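Worksheet: the structure to be examined is printed underneath.
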Amino acid sequence: MPDTSSRANGERVLADLNALRTIGAYKTGVHKPTFSEPHKLSLDWLVRKLPDAGLSAAIDGIGNVFGTSAKSGPKLLAGSHLESQNYAGWLDGPLGVVYALEAARVLNADPSLKGAVEVAAWCDEEGHFGHFLGSRSYVGQVTEADIDAARDRTSGRTMRDALTDMGLAGRPRIAAEPGRHVGYLEAHIEQGDTLESGRLAIGVVTSIVGIWQYQINFVGEQNHAGTTRMAARKDAGLALAKFCVEIDARFPDTSGPRTVWTTGRIALDPGAPSIIPGAAEMLFQIRDDDPSVVPRLEELLRSMAAEVSANGPCTVTVEKLRTGAPAMMNAGIQDAIEAASKALAGGRSVRMPSGAGHDAQMLATVMPAGMLFVPSIGGVSHHWTENTADADIVTGAQVFVDACRRILGG
273 MPDTSSRANG ERVLADLNAL RTIGAYKTGV HKPTFSEPHK LSLDWLVRKL
323 PDAGLSAAID GIGNVFGTSA KSGPKLLAGS HLESQNYAGW LDGPLGVVYA
373 LEAARVLNAD PSLKGAVEVA AWCDEEGHFG HFLGSRSYVG QVTEADIDAA
423 RDRTSGRTMR DALTDMGLAG RPRIAAEPGR HVGYLEAHIE QGDTLESGRL
473 AIGVVTSIVG IWQYQINFVG EQNHAGTTRM AARKDAGLAL AKFCVEIDAR
523 FPDTSGPRTV WTTGRIALDP GAPSIIPGAA EMLFQIRDDD PSVVPRLEEL
573 LRSMAAEVSA NGPCTVTVEK LRTGAPAMMN AGIQDAIEAA SKALAGGRSV
623 RMPSGAGHDA QMLATVMPAG MLFVPSIGGV SHHWTENTAD ADIVTGAQVF
673 VDACRRILGG
């Protein structure tokens, strides 16, 4: 049983999360897009807090915040992100940052523990300018050209302009230092209802799905909606709608047990009620934690597009926009989380995959990585009603800190 004199302080964790919640508050959630004023104020808040955990604070040239320790011995990196989706929840991201901060406060002050917890707040996990830009930069997957090309998906503002407005222009980006960390640990709300429905306290993440995204374009013929006979139409919007239905009919026979797919955006051109659409576009996404499944689905998607083009009256093209490999979480870190759950949460844990992407899958490319989930009320996330019970937040913090201790060998 861990020493109860150096456990997570639940009241302090809740106070920190509620303090962050007031920055960019929107209804019961927050609105703090990447490089917005509320995001900047949240980063500043963390920079002020890190010295109390025995850490030196710095913001790098892409907006990542790091808290580093001069203490000797092994070091564990922990963290998450502080920006939000638009008009979204207060825990998606900040929970993991505050847990990491609390672990650093508790463990870095423990003279019996060798080593230290270091803290990271990764920039733009939510993809306002690009997916996982902060953590991908840290592991060497972002070039200066990538930053030059990045635009805010809502406003179109360039990332260079945003970095200048943040006072970060010209500042170097910090990269992972080989061998510095024994691993990386991230906490997050589950964003689903597995834990809540099972009356469980902790999810021990086994894997994180890969995300593949496509733009599918349909070309027909724009014409008058009142004078063009149905038999003569080349309606790109109708072709798109039929294609969506066909995906749902044919994908199940090729997908795996955990495959999910989503058409997240549809646009018709010119998008007027009296004009037959001459073009249409859909953004389509596939997620799976089995890297062998998606190539099969992509091949099917492209063959379906070829069939439509061959049979007419419209043509279809498929463009891959994003490829994200799934990541396996480290077995030793999973064991540490499970042992901490047995000690502090009555063993009410389950090993489970993550259906959402997280910075941990980027960190897993350069060091052992793991994730801990806490329950989400109603499974809601990416919405301002997202919430987790205070008792579950506190239990999660206690398990997280104890897992960090175990990973560091304490």
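Going by the numbering used here, the sequence shown opens with residue 273, and the numbers climb by one from there. Positions of the beta carbon are idealized from the N, C-alpha and C atoms, including for glycine. Being a predicted model, the structure only gives us computed values, none of them experimental.
To the nearest angstrom, how far is the alpha carbon of G428 from that of L616?
Within the sequence shown, the letter at position 156 stands for residue 428. Within the sequence shown, the letter at position 344 stands for residue 616. Straight-line Cα distance between these residues: approximately 47 Å.
Measuring alpha carbon to alpha carbon, tell me which residue in L349, G282, D332 and G296 is nearest I679.
As a first step, residue 679 is located in the sequence shown; it is residue number 407 there, counting from the start. For the residues L349, G282, D332 and G296, the minimum Cα distance to I679 belongs to L349.
Could you give the distance in angstroms between the alpha-carbon of V666 and the alpha-carbon of N281?
Position 394 of the sequence shown, counting from 1, holds the residue named residue 666. Position 9 of the sequence shown, counting from 1, holds the residue named residue 281. For V666 and N281, the distance between alpha carbons rounds to 8 Å.
Are there three or more Cβ pairs, one per stretch, closer than 8 Å when the segment 577 to 597 is compared with the segment 506 to 514?
Yes, the segment 577 to 597 is in contact with the segment 506 to 514.
Considering only residues of the same chain and omitting the five flanking positions on each side of R594, which have a CB-CB separation below 6 Å?
In the sequence shown, the residue the question calls residue 594 occupies position 322. Cβ within range, chain order: Q485.
Using the Cβ count rule (16 or more neighbours within 10 Å means buried), how would you classify G618?
The residue given as residue 618 occupies position 346 in the sequence shown. Counting Cβ neighbours within 10 Å, G618 comes out exposed, since fewer than 16 surround it.
If you run the structure through DSSP and keep just helix, strand and coil, what is A577?
Locating residue 577 in the sequence shown gives position 305, counting from the first residue. A577 falls in the helix class under three-state DSSP.
Within 8 Å, do at least three Cβ pairs link the segment 370 to 378 to the segment 403 to 415?
The segment 403 to 415, when compared against the segment 370 to 378, does not touch it at the 8 Å Cβ threshold.
Identify the continuous alpha helix (DSSP H) that holds K312 and give its terminal residues.
Locating residue 312 in the sequence shown gives position 40, where the first residue counts as 1. Note, K312: alpha helix (DSSP H), E309 to K321.
Please report the distance separating the alpha-carbon of H496 from that of R432.
Taking the sequence shown and counting its residues from 1, one reaches residue 496 at position 224. Taking the sequence shown and counting its residues from 1, one reaches residue 432 at position 160. Cα to Cα, H496 sits roughly 44 Å from R432.
Which residues does DSSP pair with V532 in a beta bridge?
By one-based count along the sequence shown, residue 532 stands at place 260. In DSSP, V532 forms a bridge with R559.
Residue ranges of each beta strand (DSSP E) run of no fewer than 3 residues wholly in the segment 566 to 645, ordered along the chain?
Counting whole runs of 3 or more residues, the segment 566 to 645 contains the beta strand (DSSP E) stretches 587 to 595 and 621 to 626.
Pick helix, strand or coil for F404, following the three-state DSSP scheme.
Within the sequence shown, the letter at position 132 stands for residue 404. Coil.
Judging by CA-CA distance, which residue of I548, L286 and S479 is the nearest neighbour of T499?
Stepping through the sequence shown from its first residue, residue 499 is reached at position 227. The shortest Cα separation from T499 among I548, L286 and S479 belongs to I548.
Within the same chain, show all residues whose beta-carbon is closer than 6 Å to that of S352, passing over the 5 residues directly before and after it, in chain order.
As a position in the sequence shown, residue 352 is number 80, starting the count at 1. If we look at S352 and ignore the five residues flanking it on each side, its Cβ neighbours are G365, G368, V369 and E458.
Taking the continuous beta strand (DSSP E) assigned at I483, which residues delimit it?
The residue given as residue 483 occupies position 211 in the sequence shown. Unbroken beta strand (DSSP E) run through I483: G482 to V491.
Do S653 and I461 have their C-beta atoms within less than 8 Å of each other?
Position 381 of the sequence shown, counting from 1, holds the residue named residue 653. Position 189 of the sequence shown, counting from 1, holds the residue named residue 461. Taking 8 Å as the Cβ cut-off, S653 and I461 qualify as a contacting pair.
Would F391 be called buried (16 or more neighbouring beta carbons within 10 Å of its own) or exposed?
Position 119 of the sequence shown, counting from 1, holds the residue named residue 391. Here the sequence assigns Val to residue 391, which means Phe is not the residue at that position. Classification of V391: buried, given that the 10 Å Cβ count is 16 or more.
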